[in-house]
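Engineer: A single structure is presented below for examination.
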Amino acid sequence: MRWLERLLLLGFLISFSIGLAALVLFWIVRDSAPPDLNADPLRAVRTEEIVPQVALRELGGDPVAGLALQSLQAGHLETARAFLVFAGDAMKPVEWAAWLASLGQAYLAVDEPAAAGQIYAQVFAAALLHDTIPLLERVSLLIQSTAGLQAAGYPAAAIEAATQATRLAVQAPELLPAQRSALFAGLRTQLEAGSERSEAGTALAALLDDYVRNPYLNGAGSLITPTLAALPQPIAYNAAAQEKIVLRQQAADILADRIVLTGGVDIEPERAALAEALRAEDQARSQFYTAPGEMTRGQQLWLLLERRSWLITKIRVAVGGYGLALVPDWEAELEQLLGELNEVHRFLRTVLMAYANEQPTAQAGALLQVEIQHWLALQALRGLYPGAPLDEIGEVLRSQQNELQRLGQPLALPLLYESGATPPGFRIQALP
Numbered sequence: 001m002r003w004l005e006r007l008l009l010l011g012f013l014i015s016f017s018i019g020l021a022a023l024v025l026f027w028i029v030r031d032s033a034p035p036d037l038n039a040d041p042l043r044a045v046r047t048e049e050i051v052p053q054v055a056l057r058e059l060g061g062d063p064v065a066g067l068a069l070q071s072l073q074a075g076h077l078e079t080a081r082a083f084l085v086f087a088g089d090a091m092k093p094v095e096w097a098a099w100l101a102s103l104g105q106a107y108l109a110v111d112e113p114a115a116a117g118q119i120y121a122q123v124f125a126a127a128l129l130h131d132t133i134p135l136l137e138r139v140s141l142l143i144q145s146t147a148g149l150q151a152a153g154y155p156a157a158a159i160e161a162a163t164q165a166t167r168l169a170v171q172a173p174e175l176l177p178a179q180r181s182a183l184f185a186g187l188r189t190q191l192e193a194g195s196e197r198s199e200a201g202t203a204l205a206a207l208l209d210d211y212v213r214n215p216y217l218n219g220a221g222s223l224i225t226p227t228l229a230a231l232p233q234p235i236a237y238n239a240a241a242q243e244k245i246v247l248r249q250q251a252a253d254i255l256a257d258r259i260v261l262t263g264g265v266d267i268e269p270e271r272a273a274l275a276e277a278l279r280a281e282d283q284a285r286s287q288f289y290t291a292p293g294e295m296t297r298g299q300q301l302w303l304l305l306e307r308r309s310w311l312i313t314k315i316r317v318a319v320g321g322y323g324l325a326l327v328p329d330w331e332a333e334l335e336q337l338l339g340e341l342n343e344v345h346r347f348l349r350t351v352l353m354a355y356a357n358e359q360p361t362a363q364a365g366a367l368l369q370v371e372i373q374h375w376l377a378l379q380a381l382r383g384l385y386p387g388a389p390l391d392e393i394g395e396v397l398r399s400q401q402n403e404l405q406r407l408g409q410p411l412a413l414p415l416l417y418e419s420g421a422t423p424p425g426f427r428i429q430a431l432p
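Going by the numbering used here, the residue at position 282 of the sequence shown is 282; the numbering climbs one at a time, nothing skipped.
This is the structure:
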């Protein structure tokens, strides 16, 4: 029977070796596969690396733009990321997008390609969907996305960005031949710098060679003239809400100062005071947002946008986006808060659609509808519209673009949602 024991032992060793080899192969493949570019931007921030004494200054009332720049220059990348992801709406769009690209470059400089890739995916989306960013800046952002995604190890996404930059430069009606030529040459150089050359990349490089030689293109169609920013009509907060806002700002500054003084130890009284101030402000804001009264549609829109901004602040608190735990109740209610943010966006869609339906001409209504869908799509891709119906947004966009075509005012940069793209998102469609 000894031979049988040896045979069984040999069989066990062979099976064990095969299993071990498969496990090792699994980990190698898993580690070599690049992380998902579509990771939730709100949860991708590594909150344990946020510098709280800087992040809290926003709750203290300091301008976000200055805090984001300060964090970038100091190398506090997760702190800068938190500002740009959660509070980007408080910045000028061109400034926000440019600093987002700078953050991606900073992640590459410290050898963090996964974070860089996720940031450049956000830059990519902003360049396509943010109608308030001028054309040249949008192409520049796409070229930067091409370079960043290549360097981060996402060659397919880099080709997508280069393709979109090419289409924008070809189809935009406002660009001069010299501007187009410079853009095509820059894209061509960037493709040459890529370490991998796919069939799609080779074909695009050949197309760019043709465009460099002949940049005399006549972009046709209309561009979106941004109007959404002019629609909200601000109203003053009541005395109770204003008082609680001031108290929260004071409490945040006191806590930030205490962290600087003590190095982050013995701060519980100040932390508890800020938590209480946040809860009190939340209650005062809730009463203000739901108070009955006659309002214009513009005031309703402003109120919804304010409620949205406050919900984003609460979600940031809930995920530790200020660098420390502040309100445990909100942490436990994170999914509920995300659901409320989704609901606010549904209300926003209703109010914005009412504006579009009341436009004096069919063309004006369709153009506003397109701008609305661009804004909603961008919020979804930024993680600020949880559970957004992207397919539905894409279909509304398709129908309104078709309507503009029928009315004799086609768009120069028509966008459609492509769920199978890398990364999934909206893409400029090539004109016939």
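For every residue, glycine included, the Cβ atom is placed at its ideal position computed from N, Cα and C.
What residue does the beta strand (DSSP E) around E49 start on, and which one ends it?
Structural biologist: No beta strand (DSSP E) holds E49; DSSP gives it neither H nor E.
Engineer: With respect to the alpha helix (DSSP H) encompassing R307, which residues constitute its N-terminal and C-terminal limits?
Structural biologist: R297 to A318 is the extent of the alpha helix (DSSP H) around R307.
Engineer: Going along the chain, which residues of its own chain have a beta-carbon closer than 6 Å to the beta-carbon of Q144, five neighbours each way excluded?
Structural biologist: A101.
Engineer: Whose CA, out of A252, L397 and R81, lies closest to the CA of I50?
Structural biologist: Among A252, L397 and R81, the Cα nearest to that of I50 belongs to R81.
Engineer: Beta carbon of A68, beta carbon of L108: below 8 Å?
Structural biologist: The answer is no: Cβ separation not under 8 Å.
Engineer: Flag this pair as touching only if the stretch 202-222 and the stretch 280-299 have three or more C-beta atom pairs under 8 Å; answer yes or no.
Structural biologist: In short, these stretches do not touch, since the Cβ pair count stays below three.
Engineer: Since L176 contacts L142 with CB under 8 Å, what's their CB separation in whole angstroms?
Structural biologist: Actually they are not in contact, since the Cβ atoms of L176 and L142 sit about 18 Å apart, beyond 8 Å.
Engineer: Can you tell me where the beta strand (DSSP E) holding G425 begins and where it ends?
Structural biologist: Unbroken beta strand (DSSP E) run through G425: G425 to I428.
Engineer: Can you tell me the Cα-Cα spacing of Q53 and E340, whole angstroms?
Structural biologist: Rounded to whole angstroms, Q53 to E340 spans 29 Å at the Cα level.
Engineer: Return the bridge partner residues of S222 from the DSSP annotation.
Structural biologist: L411, per the DSSP bridge assignment.
Engineer: Distance check for A256 and A200, CA to CA, integer angstroms please.
Structural biologist: Rounded to whole angstroms, A200 to A256 spans 51 Å at the Cα level.
Engineer: Please name the residue, chosen from F426, P113, T313 and L334, that lies closest to E58 on a Cα-to-Cα basis.
Structural biologist: Nearest option by C-alpha distance: T313.
Engineer: May I ask you to report which of helix, strand or coil DSSP gives Y322?
Structural biologist: Y322: coil per DSSP, three-state reduction.
Engineer: Please list, in chain order, all residues of the same chain as V344 whose beta carbon is under 8 Å from its beta carbon, the five residues on each side excluded.
Structural biologist: Hits under 8 Å: L304, R307, R308 and L311.
Engineer: I'd like the list of long-range same chain contacts for Q164, defined as Cβ closer than 8 Å, with 5 residues on each side in sequence excluded.
Structural biologist: Closer than 8 Å at Cβ, skipping near neighbours: F124, A127, L128, L142, R427 and I428.
Engineer: Counting C-beta neighbours from all protein chains within 10 Å, is the total for G336 16 or more, i.e. buried, or is it exposed?
Structural biologist: Residue identity differs from the one stated: residue 336 is Gln in this sequence, not Gly. Burial call: exposed.
Engineer: Ignore the nearest five residues each way along the sequence and tell me which others in T262's own chain have a CB closer than 6 Å to its CB.
Structural biologist: Closer than 6 Å at the Cβ level, and outside the excluded window around T262, lies no residue.
Engineer: With a threshold of 16 other CB atoms inside 10 Å of the CB of R346, please say whether the residue is buried or exposed.
Structural biologist: So R346 counts as exposed.
Engineer: Which same chain residues, not among the five before or five after D253, have their C-beta less than 7 Å away from its C-beta?
Structural biologist: The residues are G60.
Engineer: The alpha helix (DSSP H) with I159 in it runs from where to where?
Structural biologist: That run of the alpha helix (DSSP H) goes P155 to Q171.
Engineer: What are the start and end residues of the alpha helix (DSSP H) that includes D445?
Structural biologist: Coverage of the chain is limited to positions 1 through 432, which leaves residue 445 absent and any answer about it impossible.
Engineer: How many whole angstroms separate the CB atoms of V327 and T47, which I take to be in contact at a CB cut-off of 8 Å?
Structural biologist: Between T47 and V327 the Cβ distance is about 14 Å, and since that is not below 8 Å, they are no contact.
Engineer: How would you write the range of the alpha helix (DSSP H) that T132 sits in, first residue to last?
Structural biologist: T132 -> no alpha helix (DSSP H), and no H or E assigned at all.
Engineer: Between which two residues does the alpha helix (DSSP H) containing Y214 stretch?
Structural biologist: Here residue 214 turns out to be Asn, not Tyr, going by the sequence shown. Run containing N214: none; DSSP gives neither H nor E here.
Engineer: Whose CA, out of Q369, R138, A106 and L191, lies closest to the CA of E95?
Structural biologist: For the residues Q369, R138, A106 and L191, the minimum Cα distance to E95 belongs to R138.
Engineer: Throw me the rounded Cβ distance for the P423 and A98 pair, which I believe falls under 8 Å.
Structural biologist: The Cβ separation is near 21 Å, so there is no contact.
Engineer: Kindly indicate which residue of R382, Q373 and N238 has the alpha-carbon position closest to the one of V351.
Structural biologist: Measuring from the Cα of V351, the nearest candidate turns out to be Q373.
Engineer: With H, G and I counted as helix, E and B as strand and the rest as coil, what does DSSP make of L416?
Structural biologist: If DSSP states are grouped into helix, strand and coil, L416 belongs with the strands.
Engineer: With a 10 Å radius around its C-beta and 16 neighbouring C-beta atoms as the bar for buried, classify D131 as buried or exposed.
Structural biologist: It counts as buried.
Engineer: Does L384 get closer than 8 Å to chain B when you measure Cβ to Cβ?
Structural biologist: In the structure shown, chain B does not exist; there is a single protein chain.
Engineer: For Q249, which of S222, D329, D266 and R279 has the nearest alpha-carbon?
Structural biologist: That would be R279, whose Cα lies nearest to the Cα of Q249.
Engineer: Is it true that the CB of S222 sits closer than 8 Å to the CB of A362?
Structural biologist: No. Outside cutoff.
Engineer: Write down the C-beta distance between L72 and A106 rounded to the nearest angstrom, noting that I regard them as a contact closer than 8 Å.
Structural biologist: Rounded, the Cβ-Cβ distance is 7 Å, consistent with contact.
Engineer: Give the straight-line distance between the Cα atoms of G66 and H76, rounded to the nearest whole angstrom.
Structural biologist: Their Cα atoms are separated by approximately 14 Å.
Engineer: Would you give the residue range spanned by the alpha helix (DSSP H) that Y355 belongs to?
Structural biologist: That run of the alpha helix (DSSP H) goes L334 to N357.
Engineer: For A275, which option in L247, L208 and Y289 has the closest C-alpha, if you only look at C-alpha atoms?
Structural biologist: Of the candidates L247, L208 and Y289, the one whose C-alpha sits nearest the C-alpha of A275 is L247.
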